[in-house]
Amino acid sequence: MNPRPSSAPRTRDDTRNYHWRRLRPIVYARDGGICHICHKHIDPNLRYPHPMSYDMHHTRGRHTGMDLRFLAPSHRVCNQRLGDPMRKEIEDPRPRGVTRW
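In terms of our numbering, the sequence shown opens at residue -7 and continues consecutively.
If you want it as structure tokens, here you go:
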């Protein structure tokens, strides 16, 4: 029986977190630590829950998963303010009339 290294993921959530933690520094370094949304520098020493801490923004929505092409660095507050890029705004929020047959 091969012992599993202590850093190896054990469950599905652990696997997701393991890969996510590995991608964060790659995305940060690739874009030079500049927020994709406000174009200001992100301080890597700030930690969650600080609003200006480093977060990763899914440029095409979370359905793209951990694809590096669709991940960009952002401040936590900028990412929350922008929200889901795939969400479509409702043009006319008024309810439609019901047609009687």
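The C-beta atom is built at its ideal place from N, Cα and C for all residues, glycine as well.
Note that the coordinates shown come from a computational prediction; the quantities given were computed from them, not determined experimentally.
In this structure, Y20 sits away from D35, with a CB-CB distance that is not shorter than 9 Å.
Judged by DSSP secondary structure, L63 falls within the beta strand (DSSP E) whose first and last residues are L63 to H67. The Cβ-Cβ distance between S66 and H49 falls below 9 Å. Taking the Cα of K32 as reference, the smallest distance to any Cα among C70, L15, D76 and L74 is reached at C70.
By the C-beta density criterion, L74 is exposed, having fewer than 16 other C-beta atoms within 10 angstroms. Nearest Cα to R14 within the set Q72, L60 and H55: L60. Here A64 really is in contact with T51; their C-beta atoms are around 5 Å apart, less than 8 Å.
Shown here, D35 sits in coil according to DSSP, grouped into three states, outside any helix or strand. Where D76 is concerned, there is no enclosing beta strand (DSSP E), because DSSP gives it neither an H nor an E.
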